[in-house]
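These protein sequence lines are chains A and B, in that order.
Using my numbering, the letters of the first sequence correspond one by one to residues 46 to 119.
Using my numbering, the letters of the second sequence correspond one by one to residues 46 to 119.
Ideal Cβ positions, reconstructed from N, Cα and C, are used throughout, including at glycine.
The structure appears below as C-alpha cells.
Number of protein chains: 2
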Amino acid sequence: MEKSELFKAVGKRIKELREAKGLTQVDLAGKMEGEFDTTNVSRIEAGRTNPTLYNLYRIAVALEVDLEELVRVF
Amino acid sequence: MEKSELFKAVGKRIKELREAKGLTQVDLAGKMEGEFDTTNVSRIEAGRTNPTLYNLYRIAVALEVDLEELVRVF
DNA sequence: TTTAATGTTGCCATATATGGCATTAAGTAA
DNA sequence: TTACTTAATGCCATATATGGCAACATTAAA
Chain A
46 MEKSELFKAV GKRIKELREA KGLTQVDLAG KMEGEFDTTN VSRIEAGRTN PTLYNLYRIA
106 VALEVDLEEL VRVF
Chain B
46 MEKSELFKAV GKRIKELREA KGLTQVDLAG KMEGEFDTTN VSRIEAGRTN PTLYNLYRIA
106 VALEVDLEEL VRVF
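Listed below in C-alpha cells is the structure:
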C-alpha cells in the first residue's frame, strides 16, 4: 500500500467515526486531550499529512474507539 | 494512557515481534520499504520518539503483521 | 439577501521525527 | 586478551508535523 493511500484511508476512517458520533472537526479537536488545532483535524482527515502515533491515539480516545480501529484500513 | 507509556508499549511490541522473527534491528531497517536508519529502530523500540503512521506501517509490513498488531497495546 | 457553522487551504513559526555518523557498552566467540 | 555483533545514545542537519491565524467556499437558516 502506498503512502498517500494509507493516509487517505486512515483519514477517511477518522472522518467516518467522527461523523457517526455527530461531532464536528471543532468538537473532535476540543474533546482531545491537551491542545489540538482544528486545522490538523482537517489535514489528517484529508490524508495530507503523516500523523504521529500520539495524535492518532488522542483522536481514538476522543472518538471512544481503540487505536486499532483507526488503523484497520484493509 | 500517558504519552510515554504508549510509546514504550508500542516499542515493546515491535521489539517482541522483531525478535520472534529472529531479526536484528539492522535486519528490520533493511527489510523496510525505502530508507530507514537503524538509529530510529532503536529509538522507536525504546519509546524515545513519537513515530509517524507511515513508519509504523513500514515496520508492520517488514514484520509481516497488520498495522493493528503494532498498536494493540491494551 | 445576511448570518452563522463547517471545512479547506495557504502562510509562517516552532517543535520534533528522522538521516546519518560516531561513540559506548555489553555479550560472545576466538 | 582481541575481534565481532548488537544495541543504545549523543550530536548535528534536514524534513516535516503541528500551532495558529486568515481567507475562502459551501451549506443552511434567518
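Residue-level contact to chain A via CB, residue i, 7 Å cutoff
i, result
"V116 (chain B)", "yes"
"K48 (chain B)", "yes"
"T94 (chain B)", "no"
"E84 (chain B)", "This sequence places Thr at residue 84 (chain B); Glu is not what is there. Not one chain A Cβ lies under 7 Å of T84 (chain B)."
"L108 (chain B)", "no"
Contact check, residue i vs residue j, beta carbons under 7 Å
i, j, result
"V55 (chain B)", "A74 (chain B)", "no"
"T84 (chain B)", "V71 (chain B)", "no"
"L9 (chain A)", "L62 (chain A)", "A query on residue 9 (chain A) cannot be resolved here, the shown segment of chain A reaching from 46 to 119 and no further."
"V110 (chain B)", "L112 (chain A)", "no"
"K13 (chain A)", "E90 (chain A)", "Nothing in the structure corresponds to residue 13 (chain A), since chain A is present only between 46 and 119."
Backbone secondary structure at residue i - three-state DSSP
i, result
"E64 (chain B)", "helix"
"E47 (chain B)", "coil"
Beta carbon proximity, residue i to chain B, threshold 7 Å
i, result
"L62 (chain A)", "no"
"T69 (chain A)", "no"
"E78 (chain A)", "no"
"L112 (chain A)", "yes"
"L73 (chain A)", "no"
Can you find at least 3 beta carbon pairs, one from the segment 87 to 105 of chain A and one from the segment 92 to 99 of chain B, that sit closer than 8 Å?
-> Contact check between the segment 87 to 105 of chain A and the segment 92 to 99 of chain B: three or more CB pairs, one atom from each, fall below 8 Å, which counts as touching.
Within the segment 70 to 119 of chain A, note down every full beta strand (DSSP E) run reaching 3 residues or more, in order along the chain.
-> DSSP runs (the beta strand (DSSP E)) wholly in the segment 70 to 119 of chain A: none.
Check whether the segment 104 to 117 of chain B touches the segment 63 to 80 of chain B, counting contact only when three or more Cβ pairs, one atom from each stretch, lie closer than 8 Å.
-> Yes, the segment 104 to 117 of chain B is in contact with the segment 63 to 80 of chain B.
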